[in-house]
Amino acid sequence: MLFSYTRSSRKLKINGYVLTKGGLIPKIELLFTSNMKLILIVSALFGGALCLETFVGHQVLRIKTKNEEQIRKLQFLETLEHLQLDFWINPSTFSLPVDVRVPANSLQAVKIFLESHRIEYSILIEDLQAVLDREKQDMVASQQMERSSNTFNYGIYHSLSSIYEELDNLASEYSNIVSKLQIGQSYEKRPLYVLKFSTGGSNRPAIWIDAGIHSREWITQASAMWIARKLASDYGNDPSITSLLNKMDVFLLPVTNPDGYEFTHTTNRMWRKTRSKNAGSLCVGVDPNRNWDAGFGGPGASSSPCSESYRGPSANSEVEVKSVVNFIKNHGNVAAFLTLHSYSQLLLYPYGYKCTQPADHAELNALGKAAANAIQSLYGTTFTVGSICSTIYQASGGSIDWSYDYGIKYSFAFELRDTGRYGFLLPASQIIPTAEETWLGLKTIIEHVRDNAH
Amino acid sequence: MQGLGAALPVLLLLLLSAQLPRPAVAEQPPWAPGVERALDPSSRLAVGAARVALHNYNFHAASPSGLRALGQVRKATVKSIPGVGQKCYLQFTTEDYRSRENAGSCLATVLYPKKKSPPAVNIKCINTKDQKQIQEEDNRLYQKLKRQTKPITGSNIPDSFGNIEPALEPVWALAVAGSSYMMWEKSTEKVGYFMTQVKSVKQWMRKDDSLEFDYVILLHEMPTQEMISCHMRLIWLPGHPLKVKYTCDSENHRLEDGSGMESGSAAGIIREREENF
Numbered sequence: 001m002l003f004s005y006t007r008s009s010r011k012l013k014i015n016g017y018v019l020t021k022g023g024l025i026p027k028i029e030l031l032f033t034s035n036m037k038l039i040l041i042v043s044a045l046f047g048g049a050l051c052l053e054t055f056v057g058h059q060v061l062r063i064k065t066k067n068e069e070q071i072r073k074l075q076f077l078e079t080l081e082h083l084q085l086d087f088w089i090n091p092s093t094f095s096l097p098v099d100v101r102v103p104a105n106s107l108q109a110v111k112i113f114l115e116s117h118r119i120e121y122s123i124l125i126e127d128l129q130a131v132l133d134r135e136k137q138d139m140v141a142s143q144q145m146e147r148s149s150n151t152f153n154y155g156i157y158h159s160l161s162s163i164y165e166e167l168d169n170l171a172s173e174y175s176n177i178v179s180k181l182q183i184g185q186s187y188e189k190r191p192l193y194v195l196k197f198s199t200g201g202s203n204r205p206a207i208w209i210d211a212g213i214h215s216r217e218w219i220t221q222a223s224a225m226w227i228a229r230k231l232a233s234d235y236g237n238d239p240s241i242t243s244l245l246n247k248m249d250v251f252l253l254p255v256t257n258p259d260g261y262e263f264t265h266t267t268n269r270m271w272r273k274t275r276s277k278n279a280g281s282l283c284v285g286v287d288p289n290r291n292w293d294a295g296f297g298g299p300g301a302s303s304s305p306c307s308e309s310y311r312g313p314s315a316n317s318e319v320e321v322k323s324v325v326n327f328i329k330n331h332g333n334v335a336a337f338l339t340l341h342s343y344s345q346l347l348l349y350p351y352g353y354k355c356t357q358p359a360d361h362a363e364l365n366a367l368g369k370a371a372a373n374a375i376q377s378l379y380g381t382t383f384t385v386g387s388i389c390s391t392i393y394q395a396s397g398g399s400i401d402w403s404y405d406y407g408i409k410y411s412f413a414f415e416l417r418d419t420g421r422y423g424f425l426l427p428a429s430q431i432i433p434t435a436e437e438t439w440l441g442l443k444t445i446i447e448h449v450r451d452n453a454h
Numbered sequence: 455m456q457g458l459g460a461a462l463p464v465l466l467l468l469l470l471s472a473q474l475p476r477p478a479v480a481e482q483p484p485w486a487p488g489v490e491r492a493l494d495p496s497s498r499l500a501v502g503a504a505r506v507a508l509h510n511y512n513f514h515a516a517s518p519s520g521l522r523a524l525g526q527v528r529k530a531t532v533k534s535i536p537g538v539g540q541k542c543y544l545q546f547t548t549e550d551y552r553s554r555e556n557a558g559s560c561l562a563t564v565l566y567p568k569k570k571s572p573p574a575v576n577i578k579c580i581n582t583k584d585q586k587q588i589q590e591e592d593n594r595l596y597q598k599l600k601r602q603t604k605p606i607t608g609s610n611i612p613d614s615f616g617n618i619e620p621a622l623e624p625v626w627a628l629a630v631a632g633s634s635y636m637m638w639e640k641s642t643e644k645v646g647y648f649m650t651q652v653k654s655v656k657q658w659m660r661k662d663d664s665l666e667f668d669y670v671i672l673l674h675e676m677p678t679q680e681m682i683s684c685h686m687r688l689i690w691l692p693g694h695p696l697k698v699k700y701t702c703d704s705e706n707h708r709l710e711d712g713s714g715m716e717s718g719s720a721a722g723i724i725r726e727r728e729e730n731f
């Protein structure tokens with residue numbers, strides 16, 4: 001038997017009665033543990049095809065014994081293995097009923113045995129398979145209901161699959177302006193999904209926003225999801241966003257490094273890099289924010305595969321990075337490149353790979369300060385504004401250095417909450433406040449781009 | 455340093471109600487040795503030094519209820535002392551570590567020696583919170599922990615989602631205080647630390663009044679971004695100095711999730727120290 005009811009695992013509530021060892025409790029509903037459900041359903045589904053057991057024609061009998069003698073008869077029945085009886089409640093004392101699942105083939109023999117010994121019984125379940133089929137239908141229906149009623153909680157951290165499911169929800173709920181694109185695949189072949197926010201036109205100037213390039217920075221993927229919903233729902237309601245999307249498109253990549261993100265859930269919460277294998281090393285992964293073609297190989301990135309800031313064997317060696325680069329290049333009309341990181345509460349513009357000021361330093365600094373003020377206006381959270389090199393450290397191969405040198409003037413990196421108390425382990429209660437304030441900062445930059453870019 | 459300590463309280467009052475005297479200094483490099491130059495208060499040198507000063511403060515305060523986090527650096531200057539090292543002079547605000555309420559400002563000097571040894575810190579802080587109240591909270595905390603009949607254990611504090619079980623909060627706060635010692639000792643002008651997580655904690659029951667805990671702590675090292683695992687033994691009795699003994703894994707030890715040596719990294723050198731009680 002692929003599946004067998006062990007007596008100790010039985011806990012069946014059927015047609016008004018809970019059958020448990022030692023007694024019955026009246027209440028209606030079929031209840032299994034979810035594992036048991038799964039096993040039952042799988043075996044029922046595969047039973048026919050693989051000549052394994054199904055429960056078609058199986059009946060569950062409730063036997064009422066009157067005396068010790070009848071108990072002994074039932075106990076004798078138990079020993080007849082060829083009948084393949086499955087006692088849900090064992091014969092022990094005559095004051096308690098005995099419940100037994102009887103396979104179709106043995107039904108006649110068992111009933112004759114009981115009747116000939118004048119042992120009372122009733123049929124509790126006429127066809128077990130029918131009951132299981134109904135239960136399966138109910139489960140599927142309730143799962144569908146969960147999905148369509150959008151129970152995605154924006155104030156908690158989610159698994160990758162849950163996030164990907166919500167991307168589909170957003171695209172369908174706001175199908176007039178939101179669509180989901182796949183721009184590539186991760187190293188481990190997970191899709192890289194971008195949400196496109198657009199009211200039409202043809203290749204309008206675009207804002208690029210990405211999150212989660214470093215997988216342990218969970219507040220960024222979580223904030224990106226909130227921002228996605230906010231952007232979609234504000235169109236038609238908020239004048240600024242409405243005018244923005246009437247002129248420009250927004251592309252949002254909530255999980256830039258899905259392999260890493262999955263790894264932080266399954267294995268190591270502190271994983272930062274991609275999950276690519278490194279030739280000649282047991283160490284895995286490349287720092288995707290040292291892998292861009294901007295001062296690649298320079299100071300502030302490691303040449304060791306075991307390092308958290310390993311730059312990789314060559315620029316764009318990481319497929320996650322290459323996919324974004326290809327998308328941006330093919331699009332040809334991206335006006336702003338905004339990327340989310342945590343933690344430290346910083347708003348950064350180029351450069352990181354060198355400590356000289358970019359040509360647009362004055363405008364970027366002023367815009368950064370305006371954005372930081374907007375962030376602060378909500379909950380008092382202070383962001384420090386400056387170039388990467390002067391504010392944190394010299395770091396080569398970073399994304400906004402690449403995008404700026406590629407010609408995308410408005411290139412900013414956000415380091416979100418906090419400043420070190422919780423660091424990467426930011427409590428979920430801070431997700432929505434963080435997303436709200438970050439959105440104000442992003443909006444400030446985006447509105448400036450809308451009003452200044454052509 | 456001793457002379458400065460004596461004059462500091464008076465200096466504190468003066469300075470907090472007035473501007474720090476503007477140092478006469480050249481604005482372009484190279485810096486003249488011995489001359490104090492202004493630092494951008496949000497520069498990484500200034501912020502890093504302020505953090506180091508606070509690690510030192512938190513360790514010496516030995517008070518899980520009185521832990522402070524950095525608020526804002528208000529003023530910072532730095533002086534290069536030939537043959538000795540770099541000395542930062544700082545004025546910064548602090549917040550209560552847990553509540554983020556304003557906890558008062560501090561004046562500090564941080565000397566990063568040329569030779570690899572812990573930064574020398576001198577720090578004096580104003581208290582906005584009543585010190586007696588802090589002591590009482592520490593005692594309450596201590597009593598609660600002392601009452602436990604079974605050794606306290608825990609892991610992943612905070613957990614992946616940032617949660618800290620209320621019952622384990624005091625143990626986490628002690629970890630912050632103890633980790634401050636490690637982070638202070640290991641910091642340099644270029645490398646700083648944050649306590650990320652208590653991977654595990656186990657209490658060692660003692661016959662005397664002190665509380666003793668064995669920790670595995672994860673430190674986040676910047677700018678290398680490495681996660682450093684440290685084993686820390688801590689003994690605490692309210693009103694007494696904290697006793698900390700620790701070893702940290704050598705840097706770049708991570709293979710998949712295990713150990714392995716590596717050479718040629720650009721990051722600073724991590725020292726391992728064993729302190730004897």
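As you go down the protein sequences, you meet chains A and B in turn. Following my numbering, the numbering of the first sequence begins with 1 at its first residue and continues without gaps. Following my numbering, the numbering of the second sequence begins with 455 at its first residue and continues without gaps. Cβ atoms here follow ideal geometry from the backbone N, Cα and C, with glycine treated the same way.
* To do: Tell me, please, which residues DSSP counts as bridged to G608(B).
  => V655(B)
* Asked: Would a check of beta-carbon distances place H361(A) closer than 9 angstroms to chain B?
  -> no
* Using a C-beta cutoff of 9 angstroms, does E308(A) count as contacting chain B? -> yes
* **Uninterrupted alpha helix (DSSP H) stretches inside the segment 525-552 of chain B (no shorter than 4 residues)** => none
* To do: Enumerate in chain order the residues of its own chain whose CB-to-CB distance from E107(A) is below 7 angstroms, with the five nearest sequence positions on each side excluded.
  => Correcting the residue identity first, residue 107(A) is Leu in this sequence and not Glu. Q59.
* To do: With DSSP as the reference, label Q345(A) as helix, strand or coil.
  => coil
* What number of angstroms, rounded off, separates the C-alpha of P536(B) from the C-alpha of P487(B)? -> 6 angstroms
* Can you tell me whether A435(A) is buried or exposed, with buried defined as 16 or more other CB within 10 angstroms of its CB? -> buried
* Answer with buried or exposed for C579(B), where buried requires no fewer than 16 other C-beta atoms within 10 angstroms of its C-beta. => buried
* Please confirm if the segment 526-542 of chain B is in contact with the segment 648-660 of chain B, defined as three or more CB-CB distances below 8 angstroms between the two stretches. => no
* For the beta strand (DSSP E) holding W690(B), just list the boundary residues, first then last. => M681 to W690
* Answer yes or no: does any C-beta atom of chain A fall closer than 9 angstroms to that of D703(B)? => no
* To do: Could you tell me whether the Cβ of A562(B) comes closer than 9 angstroms to any Cβ of chain A?
  => no
* Asked: Based on the DSSP output, what are the partners of W486(A) in its beta bridges?
  -> Residue 486(A) lies beyond the stretch modelled for chain A, which goes from 1 to 454, so this question has no answer here.
* Please name the residue in I408(A), T382(A) and S309(A) whose C-alpha comes closest to that of L364(A). => I408(A)
* Just the Cα atoms here: how many angstroms apart are P205(A) and A413(A)? -> 20 angstroms
* Asked: Near G441(A), what residues of its chain come up, given a Cβ to Cβ distance below 8 angstroms and the 5 sequence neighbours on each side ignored?
  -> L347, A371, A372, A374, I375, F383 and F414
* Asked: Between F296(A) and S403(A), which are expected to be in contact by the criterion C-beta below 8 angstroms, what is the C-beta distance as a whole number of angstroms?
  -> Not quite, the Cβ-Cβ distance comes to about 14 angstroms (not below 8 angstroms), so this is no contact.
* To do: Could you pull the start and end residues of the beta strand (DSSP E) that N330(A) belongs to?
  => Element bounds for N330(A): not the beta strand (DSSP E) but the alpha helix (DSSP H), V319 to H331.
* Asked: Counting only beta-carbon atoms, is G520(B) nearer than 9 angstroms to chain A?
  -> no
* Work out the CA separation of N512(B) and P624(B) for me, nearest whole Å. => 15 angstroms
* Asked: Taking the alpha helix (DSSP H) that F76(A) falls in, what are its first and last residues?
  -> E68 to T79
* In its own chain, which residues sit with a C-beta less than 8 angstroms from the C-beta of Q526(B), not counting the 5 before and 5 after it? -> P495, F546 and T547
* Asked: When you compare each of E165(A), L85(A) and M248(A) to N452(A) by their alpha carbons, which one comes out closest?
  -> M248(A)
* Asked: By the criterion of Cβ-Cβ separation under 7 angstroms, what are the contact partners of R272(A) in chain B?
  -> Q679
* Asked: Can the beta-carbon of S276(A) be found less than 9 angstroms from the beta-carbon of S317(A)?
  -> yes
* Asked: What is the DSSP secondary structure of F383(A), counted as helix, strand or coil?
  -> coil
* To do: Return the CA-CA distance between L521(B) and A557(B), expressed in angstroms with no decimal places.
  => 9 angstroms
* To do: Please list the partners that A523(B) has in chain A, where partner means a Cβ-to-Cβ separation under 9 angstroms.
  => T419, G420 and R421
* To do: Indicate whether Q345(A) and T381(A) have their beta-carbon atoms separated by less than 9 angstroms.
  => yes
* Inside the segment 261-307 of chain A only - alpha helix (DSSP H) runs reaching at least 4 residues -> none
* Report the rounded CA-to-CA distance for S654(B) versus E188(A), giving the unit in angstroms. => 31 angstroms
* Asked: Are the C-beta atoms of L672(B) and some chain A residue less than 9 angstroms apart?
  -> yes
* Asked: Roughly how many angstroms separate the alpha carbons of R101(A) and I89(A), rounded to a whole number?
  -> 10 angstroms
* How is the alpha helix (DSSP H) around C389(A) delimited, first residue to last? -> I388 to T391
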